[in-house]
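Sequential numbering from 337 applies to the sequence shown in my numbering.
For glycine and all other residues, C-beta sits at the position ideal for the given N, C-alpha and C.
First the structure, in the form of structure tokens, and then the observations on it.
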Amino acid sequence: MESNHVLVVGGGAAGWSAADALVRSDWPGPVTIADPQSPMNRTLVNTGVLTGLLTPGQIARQAPAGTELVRDEVDAIEHDGAVRFRSGNLVRPAAVLVASGSAPRPYADQAGADGASTSERLTHLHSIEDAQRVRTLLPASGGSVVILGAGLIGSETASLLAEAGVDVTLVSRSPVPLRRELGPVMASALLHRHDAHVRTRLGHPVRNITAGSGSAVIELEDGERLEAHVALVAHGTVARRPALPGSREGSIAVDGRLRTGLRHVYAAGGVAAVRTGGVSVRVDHWEDAAAQGAHAARSMIHDVLGGPDPGEYRFTASYSSRIHGSTLTAWGATFPGSRWTQPIDGTAVAVSTHGRRATAVVGLDAAGTVRTIAAEIMAARQNDDGVADGAPG
Ligand SMILES: Cc1cc2nc3c(=O)[nH]c(=O)nc-3n(C[C@H](O)[C@H](O)[C@H](O)COP(=O)(O)OP(=O)(O)OC[C@H]3O[C@@H](n4cnc5c(N)ncnc54)[C@H](O)[C@@H]3O)c2cc1C
337 MESNHVLVVG GGAAGWSAAD ALVRSDWPGP VTIADPQSPM NRTLVNTGVL TGLLTPGQIA
397 RQAPAGTELV RDEVDAIEHD GAVRFRSGNL VRPAAVLVAS GSAPRPYADQ AGADGASTSE
457 RLTHLHSIED AQRVRTLLPA SGGSVVILGA GLIGSETASL LAEAGVDVTL VSRSPVPLRR
517 ELGPVMASAL LHRHDAHVRT RLGHPVRNIT AGSGSAVIEL EDGERLEAHV ALVAHGTVAR
577 RPALPGSREG SIAVDGRLRT GLRHVYAAGG VAAVRTGGVS VRVDHWEDAA AQGAHAARSM
637 IHDVLGGPDP GEYRFTASYS SRIHGSTLTA WGATFPGSRW TQPIDGTAVA VSTHGRRATA
697 VVGLDAAGTV RTIAAEIMAA RQNDDGVADG APG
């Protein structure tokens, strides 16, 4: 084992931030990021590359200063902490962070369809290559896209494409998409925005898709047939990960300090399900992944070097999305079985409460109010706990 060598698996939001935090904290050993691809800002795949505003080079990120980037994929982490690479290499770092992110949920998983003949016209929107493929398949005049799934990425992409003159149809099995993530009031408000700007088929399961060389044909359960240049599958994500002893599929379960249970092996970001308040929560958003990465670095410093205990991870990151001219702002995380309330009559703001505690706040065109309520929630928690959220120690 190389003394104090840390291996970070994946150079995305979580891995990059962890490696950067370790170097900035004067970690006394080499910090290596392993990733078969170049680190990049994935949030710009649709807003930047799909729209043509940015080139792939412009959304790439350099590895943090003071770290080494190895272009290799990690296949497995063994019982003794040894890390096995696709190339056949085997290393034994002092600590490992798994930050391998997520992959798009496969189409057949959720649509309940008979299965689709795959072609390039039936695609996800997760990688730079996906965005470039969609651009190539759409004619200069705009063309048409059917988006399957009206979650955050489906909604944002529907808005971006409609603005660019593409004929968009948004299809979802759920009649009120994002109800769990945003609460019923905000989800309905978003739905009205979609209705005003794109063709919607919400509450319409897909029966079948045939994607050929010239078009994709989507058949809905009610018999309606939608034909488009491209069918985009946006059914959310699932963890993408190397094998770990005792946990070979799905998200990697971690405790509040992002420990996997294997000695000095941690997980953060879209690959991790964090145990907090008696439940496991997986969040796949950029800022939250970066915050988890930094927290995992602090846990490593505590466990390996005897640094201060960072405490339990708290979901206090935010995200925003521009959809049909409105800005959706959200802070925190929603937990299974949460209740939604509207704290201020007449404003498009909702708060999610789990047990006694408010855990998330969302708003449409209400970024300032969301920030104020989030600050109030954090202050109330600090009073309850005597510990500042997100602060180490
Ligand atoms: C189109 C799109 C738009 C989005 N927009 C937003 C947005 O507006 N706001 C927001 O908050 N979030 C957004 N997200 C989600 C956000 O990008 C993710 O939540 C975030 O990137 C997760 O960070 P991560 O570090 O967990 O994973 P990633 O950033 O995906 O990084 C994971 C890295 O691990 C590498 N990797 C995978 N497996 C291995 C392995 N076995 N060995 C080595 N390396 C491996 C991958 O190549 C990748 O580079 C968007 C996602 C997409 C797809």
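Original post:
How is E404 classed by DSSP in three states: helix, strand or coil?
Top reply: The residue labelled residue 404 in the question sits at position 68 within the sequence shown. Three-state DSSP puts E404 in a strand.
Original post:
Would you say the beta carbon of T493 comes nearer than 8 Å to a heavy atom of ligand 1?
Top reply: Here the question's residue 493 lines up with position 157 in the sequence shown. Yes, Cβ of T493 sits closer than 8 Å to a heavy atom of ligand 1.
Subject >> Through-space distance from R428 to P513, alpha-carbon basis >> reply: Locating residue 513 in the sequence shown gives position 177, counting from the first residue. Locating residue 428 in the sequence shown gives position 92, counting from the first residue. If I take the Cα positions, the gap works out to 45 Å.
**OP:** Could you give the DSSP three-state label for R515: helix, strand or coil?
**Re:** What you label residue 515 is simply residue 179 of the sequence shown in a count that begins at 1. Helix at R515.
Original post:
Who are F421's beta bridge partners in DSSP?
Top reply: Residue 421 sits at position 85 when you count from the first residue of the sequence shown. According to DSSP, which records beta bridges pairwise, F421 is partnered with V410.
Original post:
Using the rule of at least 16 other Cβ atoms within 10 Å of the residue's Cβ for burial, across every protein chain shown, is L389 buried or exposed?
Top reply: As a working mapping, residue 389 is identified with position 53 in the sequence shown. L389 is exposed by the Cβ-count criterion.
**OP:** For A447, collect the residues of the same chain with a Cβ closer than 6 Å to its Cβ; drop the 5 residues on either side in sequence, then sort them by chain order.
**Re:** Translated into the one-based positions of the sequence shown, residue 447 becomes position 111. Caution is warranted here: a pLDDT of 41 is assigned to A447, below 50, making its placement in the model unreliable, and no coordinate value can be reported.
Subject >> CB contact flag (R457, L433, <9 Å) >> reply: Locating residue 457 in the sequence shown gives position 121, where the first residue counts as 1. Locating residue 433 in the sequence shown gives position 97, where the first residue counts as 1. Result no, Cβ atoms of R457 and L433 do not sit closer than 9 Å.
Subject >> According to DSSP, residues forming a beta bridge with L433 >> reply: Residue 433 sits at position 97 when you count from the first residue of the sequence shown. Answer is V344 and Y602.
**OP:** Please state whether DSSP places S477 in a helix, a strand or coil.
**Re:** As a first step, residue 477 is located in the sequence shown; it is residue number 141 there, counting from the start. Here S477 sits in coil by DSSP.
Original post:
Do the CB positions of A399 and G605 come within less than 9 Å of each other?
Top reply: As a working note, residue 399 is residue 63 in the sequence shown. As a working note, residue 605 is residue 269 in the sequence shown. Against a cut-off of 9 Å, the Cβ pair of G605 and A399 comes out as no contact.
Original post:
Under 8 Å from any heavy atom of ligand 1, does the C-beta of Y602 make it?
Top reply: Here residue 602 refers to the residue found at position 266 of the sequence shown. Result no, Cβ not under 8 Å from ligand 1.
Original post:
So, helix, strand or coil for E623, using DSSP?
Top reply: In the sequence shown, the residue the question calls residue 623 occupies position 287. Of the three classes helix, strand and coil, the one that applies to E623 here is helix, per DSSP.
Original post:
What do you reckon, is the C-beta of H571 under 8 Å from a heavy atom of ligand 1?
Top reply: Residue 571 sits at position 235 when you count from the first residue of the sequence shown. For ligand 1, not one heavy atom lies less than 8 Å from the Cβ of H571.
Original post:
V521 lies in the alpha helix (DSSP H); which residues open and close that run?
Top reply: What you label residue 521 is simply residue 185 of the sequence shown in a count that begins at 1. Here the alpha helix (DSSP H) through V521 covers P520 to H533.
**OP:** Check whether the stretch 629 to 649 touches the stretch 672 to 692, taking contact to mean three or more Cβ pairs, one atom from each stretch, closer than 8 Å.
**Re:** no
Subject >> Alpha carbon of G582 to alpha carbon of I588, nearest angstrom >> reply: Within the sequence shown, the letter at position 246 stands for residue 582. Within the sequence shown, the letter at position 252 stands for residue 588. Answer to the nearest angstrom: the Cα atoms are 10 Å apart.
Original post:
With respect to 8 Å, is the separation between the Cβ of P375 and the closest non-hydrogen atom of ligand 1 below this value?
Top reply: Reading the sequence shown from its first residue, position 39 is the one you call residue 375. Because some heavy atom of ligand 1 lies under 8 Å away, the Cβ of P375 counts as near it: yes.
Subject >> Residues of its chain near S453, where Cβ-Cβ distance is below 7 Å and the 5 sequence neighbours each way are ignored >> reply: Within the sequence shown, numbered from 1, the residue matching residue 453 stands at position 117. In this predicted model, S453 has a pLDDT of only 44, less than 50, meaning its place in the structure is not dependable enough to derive any value.
Original post:
To the nearest angstrom, how far is it from the Cα of A570 to the Cα of G539?
Top reply: Here residue 570 refers to the residue found at position 234 of the sequence shown. Here residue 539 refers to the residue found at position 203 of the sequence shown. Between A570 and G539, the C-alpha separation is close to 15 Å.
Original post:
Counting Cβ pairs, one atom from each stretch, are 3 or more of them under 8 Å apart for the stretch 374 to 385 and the stretch 354 to 365?
Top reply: no
**OP:** Alpha carbon to alpha carbon, how far is A486 from D445? Give it in angstroms, no decimals.
**Re:** Translated into positions along the sequence shown, residue 445 becomes position 109. Translated into positions along the sequence shown, residue 486 becomes position 150. For D445, the pLDDT reaches just 44, beneath the cut-off of 50, and the residue's location in the model is therefore unreliable, although a value from the coordinates is still provided. Approximately 16 Å between the Cα atoms of the pair.
**OP:** Could you tell me the distance, in whole angstroms, from the CA atom of V344 to the CA atom of D411?
**Re:** In the sequence shown, the residue the question calls residue 344 occupies position 8. In the sequence shown, the residue the question calls residue 411 occupies position 75. Near 13 Å, if we compare the C-alpha coordinates of D411 and V344.
**OP:** State the CB to CB distance for the pair R535 and V504, rounded to an integer number of angstroms; the pair is presumed to be in contact (CB under 8 Å).
**Re:** Numbered from its first residue, the sequence shown carries residue 535 at position 199. Numbered from its first residue, the sequence shown carries residue 504 at position 168. Yes, they are in contact, since the Cβ atoms of R535 and V504 sit about 7 Å apart, within 8 Å.
Subject >> Option in A500, V610, V617 and Y655 with minimal Cα separation from I489 >> reply: Within the sequence shown, numbered from 1, the residue matching residue 489 stands at position 153. Of the candidates A500, V610, V617 and Y655, the one whose C-alpha sits nearest the C-alpha of I489 is Y655.
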